[in-house]
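Chemist: Sending over a structure as structure tokens; questions will come in a sec.
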Amino acid sequence: MGLNPVGEILKRADKTLASANATLTTVGGTLTTVEGTLGTVEGTLASVDQRMTTVDATLAETKAVLGEVQGLLAELAEEIALVKQLPEMKTMLEQIHAAVTNA
Numbered sequence: 007m008g009l010n011p012v013g014e015i016l017k018r019a020d021k022t023l024a025s026a027n028a029t030l031t032t033v034g035g036t037l038t039t040v041e042g043t044l045g046t047v048e049g050t051l052a053s054v055d056q057r058m059t060t061v062d063a064t065l066a067e068t069k070a071v072l073g074e075v076q077g078l079l080a081e082l083a084e085e086i087a088l089v090k091q092l093p094e095m096k097t098m099l100e101q102i103h104a105a106v107t108n109a
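Shown next as structure tokens:
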């Protein structure tokens, strides 16, 4: 009779250990899943990083092109200013021509 309580304790301990082992197995599986997810996240972050590098390079190229466009627009503005002066220049040339012709 004295061994019976010890046997019961051992049985309960065995069940508890089996339950703990099952829990640890579940935790291990979950950790494996988490590791896989972290690997996926790391891969995604690396992909995002590459894309950001591409975006940065594209933005730098765009900035350079916009600088060129700005320069061309400034040149165009100068040309337009000259074209706007053409009627005035024509009038002056006509006056010079008339003065030379009448002289």
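Just so we're on the same page, this note's numbering is the position in the sequence shown counted from 1, plus 6. Heads up, the beta-carbon is just placed ideally off N, CA and C, and yes, glycines get one too. Please read all numbers here as calculations on a predicted model, not as lab measurements.
Please state whether DSSP places Ala-109 in a helix, a strand or coil.
Modeler: Three-state DSSP puts Ala-109 in coil, outside helix and strand.
Chemist: Compute the Euclidean distance between the alpha carbons of Thr-46 and Ala-52, then round it to the nearest angstrom.
Modeler: Between Thr-46 and Ala-52, the C-alpha separation is close to 10 Å.
Chemist: What's the gap between the Cα of Gly-42 and the Cα of Asp-62?
Modeler: Roughly 30 Å separates the two Cα atoms.
Chemist: Report the rounded CA-to-CA distance for Thr-124 versus Pro-93, giving the unit in angstroms.
Modeler: Nothing can be reported for residue 124, as the shown portion of the chain is limited to 7 through 109.
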